[in-house]
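Undergrad:
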Amino acid sequence: MGIRAKTGQHRCSICRLHRPLCVCADLPLLDLQTKIHIVMHTRESYKTTNTGLLALKCLKNSALTLYGGQTSDRLDMTQFTSDKTALLFPGPGAQHLSAEFETIIVPDGNWRQAAKVARRIQQETGCAMVCLPAGEPSRYRLRVPPKPEMVCTFESISRALGELHGPDVRTQLDEVFFVVADRLSWVKGRLPDGQVFGGIPAGVTRANLIH
2 MGIRAKTGQH
12 RCSICRLHRP
22 LCVCADLPLL
32 DLQTKIHIVM
42 HTRESYKTTN
52 TGLLALKCLK
62 NSALTLYGGQ
72 TSDRLDMTQF
82 TSDKTALLFP
92 GPGAQHLSAE
102 FETIIVPDGN
112 WRQAAKVARR
122 IQQETGCAMV
132 CLPAGEPSRY
142 RLRVPPKPEM
152 VCTFESISRA
162 LGELHGPDVR
172 TQLDEVFFVV
182 ADRLSWVKGR
192 LPDGQVFGGI
202 PAGVTRANLI
212 H
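When we follow this note's numbering, the leftmost residue of the sequence shown carries the number 2, and every step to the right adds one.
1) Quick check: the segment 28-38 against the segment 171-188, are there 3 or more CB pairs under 8 Å?
2) Could you check where the alpha helix (DSSP H) with P168 kicks off and where it finishes?
3) Let's test the definition: count the other Cβ atoms within 10 Å of the Cβ of P202 and tell me whether it reaches 16, buried, or not, exposed.
4) Going by DSSP, what residues sit across from V107 in a beta bridge?
5) Under a three-way DSSP split, which group does L192 fall into?
6) Leaving aside the five residues before and after L67 along the sequence, list all residues of the same chain whose C-beta is less than 6 Å from its C-beta, in chain order.
7) Q96 bridges to which residues according to DSSP?
8) Who are S46's beta bridge partners in DSSP?
9) Please report the straight-line C-alpha distance between G190 and C13, rounded to a whole angstrom.
10) Indicate the three-state DSSP secondary structure (helix, strand or coil) for R140 in the structure shown.
11) The beta strand (DSSP E) that contains T66, what's its start and end?
12) Taking its Cβ as the centre, do 16 or more other Cβ atoms sit within 10 Å of A115, making it buried, or is it exposed?
13) Would DSSP call A87 helix, strand or coil?
14) Leaving aside the five residues before and after T50 along the sequence, list all residues of the same chain whose C-beta is less than 7 Å from its C-beta, in chain order.
15) Where do the N-terminal and C-terminal ends of the alpha helix (DSSP H) with G53 fall, by residue?
16) Can you tell which of P108, E150, W187 and L133 has the C-alpha that lies nearest to the C-alpha of G163?
17) My output table needs one value for L210: the three-state DSSP class, helix, strand or coil.
18) Tell me, which residues are paired with L31 by DSSP?
19) Under the three-state reduction of DSSP, which class applies to R120: helix, strand or coil?
20) Is the segment 19-29 touching the segment 149-161, taking contact as three or more C-beta pairs under 8 Å?
21) Would you call the CB atoms of G94 and M130 closer than 9 Å?
Shown next, in the form of structure tokens:
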């Protein structure tokens, strides 16, 4: 999990926010029985709009596998063959998420990349595909999902762990995500100051942020 975004000196390489807005000092580190294993396209790891890497920073029991780009396109599927491993993706035949699984694979990339790698993993390993129950729309405003019910990577992880480990786990993760998502939207001018979850640090304005 040593991936750092190509964010430039004015942004935090972990939370992707401008340094005056950085939330890293307040990130929780949850130690949960369920392991989250993100499978991410290499290009996605450099994007400031990615949310999967932030989720990994909040979870002690987590892993990251990169594919594509200059890494090998051939994923090591042997790491996903356990009958205690499930693939979190709303594909055909997906069953409801349950506590029987010890590892949850989460595809991360744009919608096309995530769907493509999810199919590869499912077809080559035969692991169970699971989905989340219907919930509220995504709070993330910087990427528009193909369907209103789709959510970003961080939200899918938060909701999955909330289902498995209780609402307090989801609350801890959601509070971090809401702050980051709203501050990113605020920087883009898509959200007024008074609607930013957790507020904006005193003295910080859009005008004094270096883009």
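Where a beta carbon is used, it is the ideal one built from N, C-alpha and C, also for glycine.
TA: Concretely, from the data shown:
1) Short answer: they touch.
2) DSSP places P168 inside the alpha helix (DSSP H), whose first and last residues are P168 to V188.
3) Its Cβ having fewer than 16 others within 10 Å, P202 is exposed.
4) By DSSP's assignment, V107 forms a beta bridge with I39.
5) The three-state secondary structure of L192, taken from DSSP, is coil.
6) Cβ neighbours of L67 beyond the five flanking positions: M41 and T43.
7) Per DSSP, V131.
8) Partner(s): none; S46 has no beta bridge.
9) The alpha-carbon atoms of G190 and C13 are separated by roughly 19 Å.
10) Three-state DSSP puts R140 in coil, outside helix and strand.
11) Per DSSP, the continuous beta strand (DSSP E) segment holding T66 begins and ends at S63 to Y68.
12) Answer is buried; the Cβ neighbour count reaches 16.
13) A87 sits in a strand when the DSSP states are folded into three classes.
14) Around T50: L143 and R144.
15) The continuous alpha helix (DSSP H) containing G53 extends over residues G53 to K58.
16) Closest option to G163, judged by alpha-carbon separation, among P108, E150, W187 and L133: L133.
17) For L210, the three-state secondary structure derived from DSSP is coil.
18) Beta-bridge partners of L31 (DSSP): L60.
19) DSSP places R120 in helix when its eight states are reduced to three.
20) Not touching, per the Cβ criterion.
21) For G94 and M130, yes; Cβs fall inside 9 Å.
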